[in-house]
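To keep things clear, I will list the structure first and then write my remarks on it.
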Ligand code: TRP
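In the numbering used here, the protein residues as written are 5 to 333.
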């Protein structure tokens, strides 16, 4: 039996956060043995907001370095840059023509981003989900590990694929969203009721994977908790403390009960320090490897070139099939 196919990606906008790591990349690492995995850096999606060209180029390589530093093995997985496999842009255009304005208008991410970038509501921002559908459908991915915020895009991908299959016969595999049970949703340290975001305006809200140990410690010390000084998991009434417990649990593998026992006699000060120390212990070796990789442009180029070649093999087959079915010479 052949392995199931997984595809996922992260945009090349901004620095990776502890949330990206614990919520996504760390899970990908756990899946690399069991599945045939394709992990990309979605740099074409990044164009939907304005970027400085040099920053975009650097961010693309930073994310690639972080993927590998965090444990994604380039031998076991296909790691590539979206723009290097031209089939994405081509199928993206084709799928634009099978996606309705009405369904795109309902996307919450489009609405949110339109508010945030009111001076640049471009057509790409609107058709973003059709390109994402192309990313996924080109590889006939069975599973797409994403956060809750991307589930709507996955639903539209399924709708587009089903619509196409109905018109032209079985072409695409209908992908399933995959929110792994153990995967953590990490919230902001200042606002623990919304997801930790790399575009947070309050820098104390977000821990970046490349933050220095002192910075990490400082951010955790400032984390918002409550006045009851008890380490107890209760998302509704104690979102701040529960988020810190979630982070600690993801890193140490300890259960919430175990954590409650461990800190039964400690105040928040001690608890926060322990969480920060666990984060530093986890991120330090990753950062060391990350810096080495980022300095080795030649190695990175080898990795992404090989990744793109491998990805193209599968992507070009699917695209040829699609073109044949719709009458594109
Ligand atoms: N839209 C995703 C995000 O913002 C990134 C992405 C692009 C993606 N293409 C994808 C995720 C394909 C999963 C599959 O996080």
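For every residue, glycine included, the Cβ atom is placed at its ideal position computed from N, Cα and C.
From a predicted model like this one, the values you see are computed outputs, not experimental measurements.
How is the beta strand (DSSP E) around residue i delimited, first residue to last?
i: residue 40; result: 40 to 46
i: residue 76; result: Looking at the DSSP string, residue 76 is not in any beta strand (DSSP E), and its letter there is neither H nor E.
i: residue 193; result: Neither: residue 193 is in no beta strand (DSSP E) and is coded neither H nor E.
i: residue 252; result: Unbroken run through residue 252 is the alpha helix (DSSP H), 243 to 256; no beta strand (DSSP E).
i: residue 12; result: 9 to 15
i: residue 33; result: Element bounds for residue 33: not the beta strand (DSSP E) but the alpha helix (DSSP H), 30 to 35.
i: residue 106; result: Looking at the DSSP string, residue 106 is not in any beta strand (DSSP E); the run it does join, the alpha helix (DSSP H), is 105 to 109.
i: residue 181; result: 180 to 182
i: residue 211; result: Segment: none, residue 211 is in no beta strand (DSSP E) and carries neither H nor E.
i: residue 148; result: 147 to 149
Is the beta carbon of residue i within less than 6 Å of some heavy atom of the ligand TRP?
i: residue 219; result: no
i: residue 49; result: yes
i: residue 100; result: no
i: residue 46; result: yes
i: residue 311; result: no
i: residue 200; result: no
i: residue 163; result: no
i: residue 156; result: no
i: residue 29; result: no
i: residue 15; result: yes
i: residue 140; result: yes
i: residue 69; result: no
i: residue 177; result: no
i: residue 136; result: yes
i: residue 283; result: no
i: residue 12; result: yes
i: residue 148; result: yes
So, is the C-beta of residue i closer than 7 Å to a C-beta in chain B?
i: residue 113; result: Absent from the structure is chain B; it holds one protein chain and no more.
Using C-beta distances below 8 Å, list every residue in its chain close to residue i, excluding the 5 sequence neighbours before and after it, in chain order.
i: residue 124; result: 53 and 54
i: residue 197; result: 191 and 243
i: residue 271; result: 233
i: residue 323; result: 91, 94, 95 and 142
i: residue 286; result: 255
Over what stretch of residues does the alpha helix (DSSP H) that includes residue i continue unbroken?
i: residue 156; result: 155 to 172
i: residue 272; result: 272 to 299
i: residue 266; result: 260 to 266
i: residue 91; result: 91 to 100
i: residue 143; result: That residue, residue 143, is in no alpha helix (DSSP H); it is neither H nor E in DSSP.
i: residue 83; result: Note, residue 83: premise wrong, no alpha helix (DSSP H); beta strand (DSSP E) at 82 to 85.
i: residue 217; result: 217 to 225
i: residue 118; result: 112 to 120
Throw me the rounded Cβ distance for the residue i and residue j pair, which I believe falls under 8 Å.
i: residue 107; j: residue 45; result: Actually they do not touch by this definition, with Cβ atoms about 26 Å apart.
i: residue 200; j: residue 22; result: 7 Å
Give me, in chain order, the residues of the same chain whose beta-carbon lies closer than 7 Å to that of residue i; leave out the 5 immediate sequence neighbours on both sides.
i: residue 48; result: 86, 87, 92, 93 and 135
i: residue 230; result: 242, 244 and 245
i: residue 36; result: 76, 77, 80 and 81
i: residue 320; result: 91
Return the chain-ordered list of same chain residues with a C-beta closer than 6 Å to the C-beta of residue i, the five sequence neighbours on each side being excluded.
i: residue 20; result: 70 and 213
i: residue 314; result: 82
i: residue 247; result: 191 and 196
i: residue 311; result: 82, 83 and 84
i: residue 290; result: 73 and 74
Item to complete: Check whether the stretch 219 to 227 touches the stretch 276 to 285, taking contact to mean three or more Cβ pairs, one atom from each stretch, closer than 8 Å.
Response: yes
Practice prompt. Check whether the stretch 145 to 152 touches the stretch 173 to 181, taking contact to mean three or more Cβ pairs, one atom from each stretch, closer than 8 Å.
Written response: yes
Discussion item. Three or more C-beta pairs under 8 Å: does that hold for the stretch 65 to 82 against the stretch 116 to 131?
Written reply: no
Discussion item. Assess contact between the stretch 204 to 212 and the stretch 229 to 237, defined as three or more Cβ pairs (one per stretch) separated by less than 8 Å. Is contact present?
Written reply: no
Worksheet item: Between the stretch 108 to 119 and the stretch 59 to 67, do three or more beta carbon pairs fall short of 8 Å?
Response: no
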